[in-house]
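A.B. asks: Mapping to numbering that gives the first Met the number 0: the sequence shown position 79 is 78, numbers consecutive.
Every residue, glycine too, gets a C-beta built ideally from N, C-alpha and C.
Since we're looking at a predicted model, the values are computed, not measured.
Let me begin by handing over the structure; questions about it come next.
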Amino acid sequence: MKKVRKLVEFSWDFGNINKNKSKHNVTEKEAEEVFFDENKQEYPDPKHSDREIRKIVAGKTRAGRLLFIVYTIRNSSIRVISARDLNKRKEADLYEKAA
Numbered sequence: 000m001k002k003v004r005k006l007v008e009f010s011w012d013f014g015n016i017n018k019n020k021s022k023h024n025v026t027e028k029e030a031e032e033v034f035f036d037e038n039k040q041e042y043p044d045p046k047h048s049d050r051e052i053r054k055i056v057a058g059k060t061r062a063g064r065l066l067f068i069v070y071t072i073r074n075s076s077i078r079v080i081s082a083r084d085l086n087k088r089k090e091a092d093l094y095e096k097a098a
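Here is the structure:
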């Protein structure tokens with residue numbers, strides 16, 4: 000049986016692309032890869048969802064880098080707000096327990 004992948008579209012704000020690269024050394028390609036990690040973990044982000052619904056995803060890039068990403072859905076596209084290394088032990092434990 001052939002597995003069909005759902006089409007995923009990303010929308011980038013140029014300020015966030017540059018911010019994530021300069022501040023956290025995360026490229027837009029790396030951030031996008033996390034959404035295709037079969038073991039990724041997604042969580043609501045109610046603390047930061049006052050203007051729009053924000054979510055958190057933690058997952059691995061193809062190179063094995065663990066990333067913590069905050070995002071929202073705008074016009075049916077994923078809009079990455081922040082992307083950084085998953086470096087807090089508590090965050091890493093959540094991902095590793097589920098994998």
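Considering LYS59, what are the terminal residues of the beta strand (DSSP E) in which it resides?
C.D. replies: Here residue 59 corresponds to residue number 60 of the sequence shown, with the count starting at 1. Element bounds for LYS59: 53 to 59.
A.B. asks: Quick check on LYS28: buried or exposed, where buried means 16 or more other Cβ atoms within 10 Å of its Cβ?
C.D. replies: Taking the sequence shown and counting its residues from 1, the one referred to as residue 28 is at position 29. Looking at its Cβ environment, which holds fewer than 16 other Cβ atoms inside 10 Å, LYS28 is exposed.
A.B. asks: Between TYR42, LEU65, THR71 and ILE77, which lies nearest to LYS50 when the distance is taken from Cα to Cα?
C.D. replies: Along the sequence shown, one-based indexing puts residue 50 at 51. Sequence inspection shows Arg at residue 50; the Lys mentioned does not correspond to that position. Ranking TYR42, LEU65, THR71 and ILE77 by Cα distance to ARG50 puts THR71 first.
A.B. asks: For PHE67, which option in ASN86, GLU37 and GLY14 has the closest C-alpha, if you only look at C-alpha atoms?
C.D. replies: Reading the sequence shown from its first residue, position 68 is the one you call residue 67. Minimum Cα distance to PHE67 is reached at ASN86.
A.B. asks: As a quick exercise: from ILE80, ILE52, ASN17 and VAL56, pick the residue whose alpha carbon is nearest that of VAL33.
C.D. replies: Taking the first residue of the sequence shown as 1, we reach residue 33 at position 34. Selected option, being the one with the closest Cα: VAL56.
A.B. asks: For ASN38, is the classification buried or exposed, using 16 other Cβ atoms within 10 angstroms of its Cβ as the cut-off for buried?
C.D. replies: For this step, residue 38 is matched to residue 39 along the sequence shown. Exposed: under 16 other Cβ atoms inside 10 Å.
A.B. asks: Give the straight-line distance between the Cα atoms of ARG64 and THR26, rounded to the nearest whole angstrom.
C.D. replies: Taking the first residue of the sequence shown as 1, we reach residue 64 at position 65. Taking the first residue of the sequence shown as 1, we reach residue 26 at position 27. Cα to Cα, the separation comes out at about 12 Å.
A.B. asks: Quick check: what's the CA-CA separation for ALA82 versus ARG61?
C.D. replies: As a working note, residue 82 is residue 83 in the sequence shown. As a working note, residue 61 is residue 62 in the sequence shown. Approximately 15 Å, taken between the alpha carbons.
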